[in-house]
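Read in numbering that gives the first Met the number 0, the sequence shown has 104 at position 105, and its numbers run on one by one without any break.
Virtual Cβ for every residue (Gly too), placed ideally from N, Cα, C.
This structure is a prediction, so every number in the text was calculated from the model and none was measured.
Written below as structure tokens is the structure these notes are about.
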Amino acid sequence: MNYKIALIRGDGIGPEVVGEAVKVLNAVGEKFGHTFTYEDVLLGGCATDAVGKSYPDGTAEKCKACDAVLLGAVGGPKWGSDKPAEQRPETALLAIRKDLGLYANLRPAALRPAMADACPLKKETAEKGIDLMMVRELTGGIYFGKRDKYETEDRGLEATDLMAYSEKEIERIGRRAFELARLRRKKVSSVDKANVLETSRLWRSVMHRLAEEYSDVQYEDVLVDNCAMQLVRDPGQFDVVVTENMFGDILSDEASMVTGSIGLLPSASIGDTAPGLYEPIHGSAPDIAGQDKANPIATILSVAMMFRYSFQLPAEADAVEQAVDAVLADGWRTADIAEPGVTPIGTKQMGDLICAKIKG
Ligand code: NAD
């Protein structure tokens with residue numbers, strides 16, 4: 000098969016980690032008989048430098064003409080909050096997600112076997128294993144609701160942010176979660192605050208309807224405060240965790256931390272028709288950019304997610320994940336995950352070692 004992939008290399012370490020991910024794509028292509036063609040798409044601070052805006056005209060169309068999008072990272076001090084919105088990299092990120100209709104954000108938090116020591120939780124908790132998938136609603140809720148700030152007569156300034164969810168929005172993210180659970184350990188934990196919020200009560204009623212339809216999947220409701228606690232007490236209990244935008248923003252960062260390094264964690268944002276967007280969860284790390292120090296594994300594991308969720312190529316996804324685990328099990332580490340006394344390797348060598356394992 001031939002797949003066309005849009006590459007948004009971005010800023011800081013973005014080009015370095017995407018470079019290694021492309022090597023991995025080519026290694027998988029060689030091994031499994033696929034061809035990958037690439038379309039470079041300019042977005043972020045580098046686009047501001049080149050054409051004066053971070054989200055150049057035609058960006059979404061270029062991406063839509065591809066089967067998937069791989070993004071490194073964007074941003075940096077050069078394009079800070081003192082710049083007009085159209086020059087800021089964050090504006091471009093929000094725009095591309097919106098224009099591609101990416102309403103579901105998938106963030107796996109898995110403790111890779113060779114990295115168990117990096118888990119900040121108790122040894123017996125880590126030993127039980129952590130392998131969960133956070134499914135966060137990405138285009139609704141309080142981040143996109145009506146907001147206001149106004150002067151009051153007796154209380155000074157007052158501000159409001161409206162959280163709104165429709166049944167349709169809840170149902171489509173819910174279905175994603177149940178479908179994913181069917182590919183995993185068949186359990187969905189739906190997180191809400193139904194004891195307080197009306198949006199959560201609606202969320203819960205839609206999820207219950209879906210739970211009846213997907214009766215082969217085990218289902219539970221979890222209050223958001225309890226979920227935050229359970230993620231550090233016993234994260235091994237979770238398989239697929241589905242929640243609304245703001246709760247998901249916070250909980251997915253918490254879930255990431257229990258697995259150790261930021262340099263290991265991939266993510267996917269998907270919609271119904273447009274290509275999915277795959278990216279590491281980390282930023283552009285300007286402090287180590289251009290020094291061959293960045294860990295490319297999060298971006299390489301994002302490629303594995305692309306195989307699994309956009310191309311329906313589970314064997315290819317397994318091959319990438321197994322290659323990463325094998326290289327880590329052999330003791331190779333980039334600086335961010337190196338234990339004291341271990342000499343770290345660079346970005347390029349890590350990519351080469353993973354490619355070598357894939358090719359066998
Ligand atoms: P960051 O994730 O870039 O870096 C945090 C720390 O982790 C730094 O010390 C960095 O060196 C380290 N780190 C991150 N990724 C690493 C990797 N792959 N290998 C080794 N070490 C790694 O977060 P930040 O410093 O808060 O943000 C830097 C810039 O990135 C900002 O401009 C921010 O807006 C942007 N950002 C972009 C995205 C994105 O593109 N999706 C996400 C988060 C932050």
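Residue i, buried or exposed, once every other Cβ within 10 Å from all chains shown has been counted against 16
i: Met0; result: exposed
i: Ser214; result: exposed
i: Pro119; result: exposed
i: Gly32; result: exposed
i: Arg208; result: exposed
i: Ser301; result: buried
i: Gln321; result: exposed
i: Asp10; result: buried
i: Gln86; result: buried
i: Met206; result: buried
i: Pro76; result: exposed
i: Asp286; result: exposed
i: Ala303; result: buried
i: Asp392; result: Beyond the ends of the chain as shown, which are 0 and 359, falls residue 392; an answer cannot be given.
i: Ala316; result: buried
i: Asn225; result: exposed
i: Thr34; result: exposed
i: Gly51; result: exposed
i: Ala103; result: buried
Within 9 Å, strictly: CB atoms of residue i and residue j
i: Glu166; j: Leu201; result: yes
i: Thr47; j: Pro88; result: yes
i: Met349; j: Ser260; result: no
i: Val190; j: Val221; result: yes
i: Phe237; j: Val223; result: no
i: Ala293; j: Ile12; result: yes
i: Pro265; j: Ala297; result: yes
i: Val40; j: Ile357; result: no
i: Glu243; j: Glu178; result: no
i: Gly155; j: Gly282; result: no
i: Val27; j: Ala318; result: yes
i: Ala5; j: Cys45; result: no
i: Lys3; j: Glu38; result: yes
i: Lys186; j: Val239; result: yes
i: Gly18; j: Lys347; result: yes
i: Ala227; j: Arg106; result: no
i: Arg278; j: Leu69; result: Here the sequence assigns Glu to residue 278, which means Arg is not the residue at that position. Yes, these two residues count as a Cβ contact at 9 Å.
i: Leu161; j: Lys145; result: yes
i: Pro234; j: Glu15; result: no
i: Ile7; j: Ile141; result: no
i: Asp291; j: Gly359; result: no
i: Ala91; j: Thr58; result: yes
i: Leu276; j: Pro112; result: no
i: Gly262; j: Thr159; result: no
i: Leu99; j: Ser268; result: yes
i: Val216; j: Ala108; result: no
i: Ala20; j: Ile299; result: yes
i: Ala67; j: Met305; result: yes
Proximity test, residue i beta-carbon vs the ligand NAD heavy atom, cut-off 8 Å
i: Val73; result: yes
i: Asn104; result: no
i: Pro119; result: no
i: Asp81; result: no
i: Ala334; result: yes
i: His281; result: yes
i: Gly350; result: no
i: Pro88; result: yes
i: Gly259; result: no
i: Lys145; result: no
i: Lys292; result: yes
i: Val375; result: What the structure shows of the chain is the stretch from 0 to 359, and residue 375 is not part of that stretch, so it cannot be assessed.
i: Val68; result: no
i: Gly330; result: no
i: Leu92; result: yes
i: Glu168; result: no
i: Ile299; result: no
i: Pro112; result: no
i: Ile12; result: yes
i: Gly235; result: no
i: Ala337; result: no
i: Glu253; result: no
i: Val16; result: yes
i: Gly275; result: no
i: Asp48; result: no
i: Glu278; result: yes
i: Pro313; result: no
i: Pro265; result: no
9 Å Cβ cutoff, residue i in contact with chain B
i: Ser199; result: Considering every chain present, this structure includes no chain B. It has just one protein chain.
Output the residue ranges of the beta strand (DSSP E) runs that lie fully inside the segment 149-205 and measure 3 residues or longer, sorted by chain position. 156-160 and 186-191
Quick check for students: name the residue ranges of the alpha helix (DSSP H) that lie wholly in the segment 72-132, counting only runs of 4 or more. 88-98 and 122-126
Please give me, in chain order, every unbroken run of the beta strand (DSSP E) with length at least 3 that falls completely inside the segment 235-289. 239-242, 265-269 and 275-279
Taking only runs that begin and end inside the segment 321-359, name each unbroken beta strand (DSSP E) of 3 or more residues, in chain order. Within the segment 321-359, no beta strand (DSSP E) run of at least 3 residues lies entirely inside it.
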